[in-house]
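Residue numbers (the working numbering): 3 to 129.
Set out below in structure tokens:
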């Protein structure tokens, strides 16, 4: 029984380690980078952990919509890298400039707005 419990605990830890969730103390640019890295890997459900939703239905809708976007990015070769730079951080709001480079050499830059809730930064929107 002890071995079974230990195995189950190890399995839970293994799964949890691969799932980024913003933590108190993470800087806004770190949250943006790690979250966008999840999206780049096609991990849309993990990417959704970086946002706050009013309901589970909104979260499911977000996952479906962004699953299609992730597939589109994969069709053009996938994302090679994501670079982030903090534009500003004032109290509970921050903006991070991102540069996304695709494996085919194309790239685009954008901004990510973050909001701080209970000392933890979450993506509010990508503009």
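Ideal placement from N, C-alpha and C gives every residue a C-beta, glycine not left out.
Subject >> Sufficient close CB pairs (3 or more, under 8 angstroms) joining the segment 67 to 82 to the segment 44 to 56 >> reply: yes
Subject >> DSSP state of residue 68 mapped onto helix, strand, coil >> reply: In the structure shown, residue 68 sits in a helix (DSSP, three-state: H, G or I).
Subject >> Residues of its chain near residue 113, where Cβ-Cβ distance is below 8 angstroms and the 5 sequence neighbours each way are ignored >> reply: 89, 97, 98, 99, 100, 128, 129
**OP:** Compute the distance between the beta-carbons of residue 84 and residue 25, then report whether it is under 8 angstroms.
**Re:** no
**OP:** Hey, could you find the ends of the beta strand (DSSP E) residue 126 is sitting in?
**Re:** 122 to 128
**OP:** Use the C-beta contact count for residue 125: other C-beta atoms within 10 angstroms, 16 or more gives buried, fewer gives exposed.
**Re:** Burial call: buried.
Subject >> Cβ-heavy atom distance, residue 122 to the ligand PLP, below 7 angstroms >> reply: As far as ligands go, the structure on display features none, and thus does not contain the ligand PLP.
Original post:
Taking C-beta to C-beta, are residue 55 and residue 64 nearer than 8 angstroms?
Top reply: yes
Original post:
Do residue 39 and residue 123 have their C-beta atoms within less than 8 angstroms of each other?
Top reply: no
Original post:
Grouping DSSP H, G and I as helix and E and B as strand, with all else coil, what is residue 94?
Top reply: Three-state result, residue 94: coil.
**OP:** Could you check how far apart the C-beta atoms of residue 53 and residue 81 are, in whole angstroms? I think they sit under 8 angstroms.
**Re:** With 8 angstroms as the limit, residue 53 and residue 81 do not qualify as a contact, their Cβ atoms being about 19 angstroms apart.
**OP:** My understanding is that residue 51 touches residue 33, with C-beta atoms under 8 angstroms, so please give their C-beta distance in whole angstroms.
**Re:** The pair is not a contact, with the Cβ atoms about 11 angstroms apart (cut-off 8 angstroms).
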